[in-house]
Amino acid sequence: MDIQSTLFASFLLAATIVCITPGPDMLYVMSFGVSQGRTGGVAAAAGVAGGMLVHAVLSSLGVALLISQYPWLMMIFKGVGICYLIYLGVSILRDKSDLSVDADRSKSSYARIAYKAMIVNLTNPKVIVFYVAFLPQFTGGSGWPVPLQMLTLGAVFVTIGFAADAAVGLASGALAERFAQSRTFTRRVNVSCGIVMFVLAAILLLDI
Numbered sequence: 256m257d258i259q260s261t262l263f264a265s266f267l268l269a270a271t272i273v274c275i276t277p278g279p280d281m282l283y284v285m286s287f288g289v290s291q292g293r294t295g296g297v298a299a300a301a302g303v304a305g306g307m308l309v310h311a312v313l314s315s316l317g318v319a320l321l322i323s324q325y326p327w328l329m330m331i332f333k334g335v336g337i338c339y340l341i342y343l344g345v346s347i348l349r350d351k352s353d354l355s356v357d358a359d360r361s362k363s364s365y366a367r368i369a370y371k372a373m374i375v376n377l378t379n380p381k382v383i384v385f386y387v388a389f390l391p392q393f394t395g396g397s398g399w400p401v402p403l404q405m406l407t408l409g410a411v412f413v414t415i416g417f418a419a420d421a422a423v424g425l426a427s428g429a430l431a432e433r434f435a436q437s438r439t440f441t442r443r444v445n446v447s448c449g450i451v452m453f454v455l456a457a458i459l460l461l462d463i
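In terms of this note's numbering, the numbers along the sequence shown are unbroken and rise by one, the last being 463.
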């Protein structure tokens with residue numbers, strides 16, 4: 256194999272552990288699953304996966320390493336991410352509509368959910384650092400060029416991550432849809448999801 260079998264097996268194990276461990280992305284997907292139903296949760300998972308794929312491409316090209324070496328660029332990414340999460344939190348808290356489930360939403364709505372999730376993932380500097388530090392450990396010195404190996408590993412990681420996040424989105428969405436007719440539940444969901452966005456923003460802020 257171009258990517259050594261032992262390295263690839265180790266990568267699969269490490270990637271699976273990382274992807275199933277609860278973190279900000281999973282919490283974000285869960286919030287959309289609860290507030291927008293199962294398809295909304297999967298849409299958010301797809302958006303996160305899209306952001307991860309962009310990070311994988313940038314890492315394979317060396318762009319992510321360049322960004323990580325300049326603290327002021329990382330600060331810009333972090334600032335944008337914090338502001339965007341706060342904006343999402345305020346928007347959700349101000350939403351007085353009923354809980355939306357699959358049948359009530361259009362494809363364009365799900366596209367917007369995916370877009371928001373991708374932006375949140377792209378503006379998280381921790382993801383940039385993760386890719387720079389994580390993927391090179393599992394590349395070999397022979398066979399495919401290292402950038403191609405990193406891109407392949409990144410694609411596999413994205414696939415595993417999407418599967419884990421989509422499962423969370425489906426589970427949280429299914430639970431929420433059982434209570435979709437309760438206005439009290441709906442309002443509590445909006446407040447909780449808004450708070451989640453503020454918590455994620457605070458996590459980024461504390462890392463500055």
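Even glycine gets a Cβ: it sits at the ideal position worked out from N, Cα and C.
- Query: Out of curiosity, what's the CA-to-CA distance linking S315 and C274?
  - Reply: 20 Å
- Task: Return helix, strand or coil for N379, following the three-state DSSP convention.
- Result: coil
- Query: What are the boundary residues of the alpha helix (DSSP H) that L268 is part of?
  - Reply: 260-275
- Message: Taking 6 Å as the limit between beta carbons, can you name the residues of its chain near P279, skipping five residues before and five after?
- Response: L455
- Assigned secondary structure, P400 (DSSP; H/G/I helix, E/B strand, else coil): coil
- If you draw a straight line from the C-alpha of D359 to the C-alpha of M307, how long is it? Note on D359: pLDDT 47, under 50, position unreliable in the model; no value is reported.
- Item | CA nearest to the CA of A270, picked from V423, G409, C448 | G409
- Task: Can you grab the Cα-Cα spacing for the pair H310 / T407, in whole Å?
- Result: 13 Å
- G278: first and last residue of the uninterrupted alpha helix (DSSP H) it sits in: From DSSP, G278 is part of no alpha helix (DSSP H); its letter is neither H nor E.
- Query: Within 8 Å (strictly less), CB to CB, does P277 reach chain C?
  - Reply: Included in the structure is just one protein chain, with no chain C present.
- Message: Quick check: what's the CA-CA separation for L354 versus A422?
- Response: With a pLDDT of only 49 at L354, under the threshold of 50, the placement of this residue in the model should not be trusted, and no figure is reported.
- In terms of alpha-carbon separation, which member of A429, S260, M285, V345 lies closest to F417? M285
- Query: For F287 versus I368, is the C-beta distance shorter than 8 Å?
  - Reply: yes
- Message: If you reduce the DSSP assignment to three classes, tell me which class T394 lands in.
- Response: coil
- Note down, in chain order, each residue of its chain lying with its Cβ closer than 8 Å to the Cβ of I341, except the 5 sequence neighbours on either side. M452, F453, A456
- Message: Spatial neighbours of T378 within its chain, please: C-beta separation below 7 Å, excluding the five flanking residues on both sides.
- Response: F332, V335, G336, Y339
- Query: If you draw a straight line from the C-alpha of D420 to the C-alpha of G296, how long is it?
  - Reply: 8 Å
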